[in-house]
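Numbered per UniProt numbering, the sequence shown spans residues 1 to 765.
Ideal Cβ positions, reconstructed from N, Cα and C, are used throughout, including at glycine.
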Amino acid sequence: MASSCPSVAELVAAARRLYVQVFGEEAPRVAVCAPGRVNLIGEHTDYNQGYVLPMALPLVTVVVGSQTSGQDVTVVTATEDADEPRRVDFSLPSYGSALSPGLPSWANYVKGVIQHYRAPPVPGFRAVIASSVPLGGGLSSSASLEVAFYTFLQQLQPDDGDKVSKAVACQKAEHTHAGVPCGIMDQFVSVLGREGHALLIDCSEYPMRRRQCEEAASILGKDSLRDATMKDLEEARDRLDDVTCRRARHVIEEIERTVRAAEALKRGAYKEFGKLMVESHNSLRDLYEVSCRELDELVCAAMEVEGVFGSRMTGGGFGGCTVTLLQAHAIDRTILHIQGDKSAAQSSVCHFKGFGNGLGRVPRIFPNLAVSWLLLLWLANCQEKTSLTWKQKKHFHSPSVLSIPEQSRRILVLPITTSEKVSQDPKKATGFATKMLNLNSLDDNSNRNSLQDPVSLNVGGEIYTTTLDTLTRCRDSMLGAMFTGQIPVLRDNRGNVFIDRDGKVFRYILNYLRSSSLDLPDGFSELALLRREVDFFQIRPLLEEMCRYEALMPLSLRGGPLGAMIMVNFDSKVRVLHFNLRHGPENYELRTCSVRAFTVDLFCTWGAFLALICEHFSYRTSRGLTSPHPCNPRQNRLKLEWVPRPDELPQDQYDKQRYQGLAVSNTELTQLDDIVNVHRNPCDITDMQGFVEELLKVSLAEGFKVDLVTPDPTEILNCTSLRLVKVYQNRAIQWNSDVLCHNSFRGRSGSQSALTSGNTSLLYH
Numbered sequence: 001m002a003s004s005c006p007s008v009a010e011l012v013a014a015a016r017r018l019y020v021q022v023f024g025e026e027a028p029r030v031a032v033c034a035p036g037r038v039n040l041i042g043e044h045t046d047y048n049q050g051y052v053l054p055m056a057l058p059l060v061t062v063v064v065g066s067q068t069s070g071q072d073v074t075v076v077t078a079t080e081d082a083d084e085p086r087r088v089d090f091s092l093p094s095y096g097s098a099l100s101p102g103l104p105s106w107a108n109y110v111k112g113v114i115q116h117y118r119a120p121p122v123p124g125f126r127a128v129i130a131s132s133v134p135l136g137g138g139l140s141s142s143a144s145l146e147v148a149f150y151t152f153l154q155q156l157q158p159d160d161g162d163k164v165s166k167a168v169a170c171q172k173a174e175h176t177h178a179g180v181p182c183g184i185m186d187q188f189v190s191v192l193g194r195e196g197h198a199l200l201i202d203c204s205e206y207p208m209r210r211r212q213c214e215e216a217a218s219i220l221g222k223d224s225l226r227d228a229t230m231k232d233l234e235e236a237r238d239r240l241d242d243v244t245c246r247r248a249r250h251v252i253e254e255i256e257r258t259v260r261a262a263e264a265l266k267r268g269a270y271k272e273f274g275k276l277m278v279e280s281h282n283s284l285r286d287l288y289e290v291s292c293r294e295l296d297e298l299v300c301a302a303m304e305v306e307g308v309f310g311s312r313m314t315g316g317g318f319g320g321c322t323v324t325l326l327q328a329h330a331i332d333r334t335i336l337h338i339q340g341d342k343s344a345a346q347s348s349v350c351h352f353k354g355f356g357n358g359l360g361r362v363p364r365i366f367p368n369l370a371v372s373w374l375l376l377l378w379l380a381n382c383q384e385k386t387s388l389t390w391k392q393k394k395h396f397h398s399p400s401v402l403s404i405p406e407q408s409r410r411i412l413v414l415p416i417t418t419s420e421k422v423s424q425d426p427k428k429a430t431g432f433a434t435k436m437l438n439l440n441s442l443d444d445n446s447n448r449n450s451l452q453d454p455v456s457l458n459v460g461g462e463i464y465t466t467t468l469d470t471l472t473r474c475r476d477s478m479l480g481a482m483f484t485g486q487i488p489v490l491r492d493n494r495g496n497v498f499i500d501r502d503g504k505v506f507r508y509i510l511n512y513l514r515s516s517s518l519d520l521p522d523g524f525s526e527l528a529l530l531r532r533e534v535d536f537f538q539i540r541p542l543l544e545e546m547c548r549y550e551a552l553m554p555l556s557l558r559g560g561p562l563g564a565m566i567m568v569n570f571d572s573k574v575r576v577l578h579f580n581l582r583h584g585p586e587n588y589e590l591r592t593c594s595v596r597a598f599t600v601d602l603f604c605t606w607g608a609f610l611a612l613i614c615e616h617f618s619y620r621t622s623r624g625l626t627s628p629h630p631c632n633p634r635q636n637r638l639k640l641e642w643v644p645r646p647d648e649l650p651q652d653q654y655d656k657q658r659y660q661g662l663a664v665s666n667t668e669l670t671q672l673d674d675i676v677n678v679h680r681n682p683c684d685i686t687d688m689q690g691f692v693e694e695l696l697k698v699s700l701a702e703g704f705k706v707d708l709v710t711p712d713p714t715e716i717l718n719c720t721s722l723r724l725v726k727v728y729q730n731r732a733i734q735w736n737s738d739v740l741c742h743n744s745f746r747g748r749s750g751s752q753s754a755l756t757s758g759n760t761s762l763l764y765h
């Protein structure tokens, strides 16, 4: 029922075709994208130094192109609603000169970004723009274009990579060349937005409305309305005209509403959040006067449906979109009700699911919610205050895939999504960003187009038959990349897709994709081989399942008399989600290293080693946090978490995480049992690499061996897990000194490097 929007891959494919058609040369070498946004609450508060709560959308602007010799620039847009001409040619100015704005208006955003780019001189280039963000729809098509083009320039002439400065430069571009005195929200969320998050942005530090707000702040004696209260407004009422007073009242109340809404979101209080959304819309309608009849009718129609929590207009106003929060079971009913309401404006519906990680993970307090949050964007066909129509975008049917250089991967921002059913395990939720960040070739997607169900596979001589849905269930895996067109596939002489891997154990991988269950026969003795195959295919849920399986597996099936094991798992978590313009970004992804050490046999009690681990990793430092769980003498188990503090994370925010400190004791032990009398001389570990190296140093010195396919040492933190095992001391085991290495994150086989810790070296192939 809801209309879909072109995917990033489809937009890139369309832009590539137009590039080749216009310029008559090979495919472009660079492809980047940046999203539009929707503001959940906090409208017209960003330029009043207030709070806003936006999120990125799957509607994106894509830029493809290549660098040229000389100083000439040619840019072509594929956007149907852009003004004519659709192609512009100009020369880059000499250093210190300015690019003058002109016609067409869409090109002014490009010129502004070039003018304010922070790493001049910009080289000549040719580029094509394609976008699924509707122009004038209140979803920030301009900021999406600015950020995408800035990202494109970063690939041609890299800057220092500072994201905040990038957003500010894009805002300046809109000020100087488009003549729009916008706030910073749109550019910030396009640059800083993350999958699974809404951003609470502290904006401390449309033309007429902004002047009215500045006038009100001046009369109130404030730097901005951010510093004003309703009491201040009442006391100054005699000095303000009625219109200015209404504008100021909206901003003051909206700032307070946004803070309350963020707190409600953290608690999972959806009804309260919805009520605040409606209050926000009423204020925009009555006090700020930027709504219109069609938007009001859409909000009223949505609120008539049972299961709808709240609805409001979003964007600058005078037409555009509404955003509606509702329960999953009310989706179809709401769409039918609004589309059947003859009094409502004609509307197009775009449905985006989910609200995974927000200001912290949103609590699942409604068991009947199949999707915790859901956004319906209704575009009003407004005729009252502005002529605005959202034309149905052409859907391109020959999709390609985005090739994102490493620099732009850091800024690729994509929509909030969750799985279809509520999962208690956030690791099981797969999102759009997961699907896009690992794409690795500018391909024509011929793989996907040429494959139809059923699919026949030849895996190492074993023939399997399955479906595309099964093979692409884990889209961020190697199989997902192969069967969505990201990686070319080979065929044997009978037309089967050929995969040169072990065919016998592949059946267990395929069965897992079908059933999400790891079913191994009793006495299964090929666990090491299966582990290598799973690492090759990069199926992370299966890898995690194997870790749990191995921990419970009988010793006789491990392929050797192991006595103890150390499991190290890496994960990324957002611990702080906030932004303060005065102090910089506080939206931090803290990389957590979880360590579990335990013995695997009742007759092999390495309690002394577990105590040694506690001794080495049990000190408080200023740069590392840990949550140690001391070993149980009877169970011989130890759990440890290591979370390094990013350089930019303030110490007070770091301390709020309630972790204990972590350091390493530089000691020389002559006997394992001599733990109590160790002389302590702790030193700080400042990053994850240092922690892992220290863990390897301690473990290898105690006789542990690496038992995991991993990348080379410089990329060891890209592994999803690391395993070390120890053999019985009373058995002579011949270990291969060369430790097999394979990049579990799309590996590079054949490379060699060495990691040296103390007197121990690891050789990786």
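Out of the options, which has the shortest C-alpha to C-alpha gap to residue i?
i	options	result
N511	G690, Q339 and T465	T465
Y288	K275, E253, E272 and E84	E253
P58	P6, P93, D81 and S97	P6
L513	V534, S100, F524 and D500	V534
A31	A9, G102 and G137	A9
E304	T229, N282, R333 and V20	R333
H281	S140, R267 and V299	V299
L135	D83, P54 and M482	D83
H44	G315, A15 and V113	G315
A216	L240, A198 and D160	L240
Taking all protein chains shown into account, do 16 or more other C-beta atoms lie within 10 angstroms of the C-beta of residue i, making it buried, or fewer, making it exposed?
i	result
G24	exposed
G36	buried
T79	buried
V52	buried
M230	exposed
E26	exposed
E306	exposed
Indicate whether residue i and residue j have their beta-carbon atoms separated by less than 7 Å.
i	j	result
A248	L233	yes
V191	V147	yes
T68	F149	no
A236	I255	no
N39	C213	no
V63	A119	no
E545	L527	no
A167	Q187	yes
F483	N458	no
C292	G138	no
L276	M313	no
When the Cα atoms are used, what is the spatial distance from residue i to residue j?
i	j	result
S456	D72	50 Å
L200	M185	10 Å
P454	W106	46 Å
Q538	R723	16 Å
N730	F704	Residue placement at N730 cannot be trusted, given a pLDDT of 39 that sits under 50; what the coordinates show is reported in the next sentence. Going from the Cα of N730 to the Cα of F704 covers about 15 Å.
A262	H337	29 Å
Y109	A301	36 Å
Does DSSP put residue i in a helix, in a strand, or in coil?
i	result
K705	strand
P35	strand
Q67	strand
D89	strand
P58	strand
T74	strand
F309	strand
H765	Confidence at H765 is low in this model, with a pLDDT of 24, below 50, so the placement of that residue is unreliable and no value is reported for it.
R126	strand
N493	coil
S515	helix
L135	coil
C547	helix
I539	coil
I487	coil
Y117	coil
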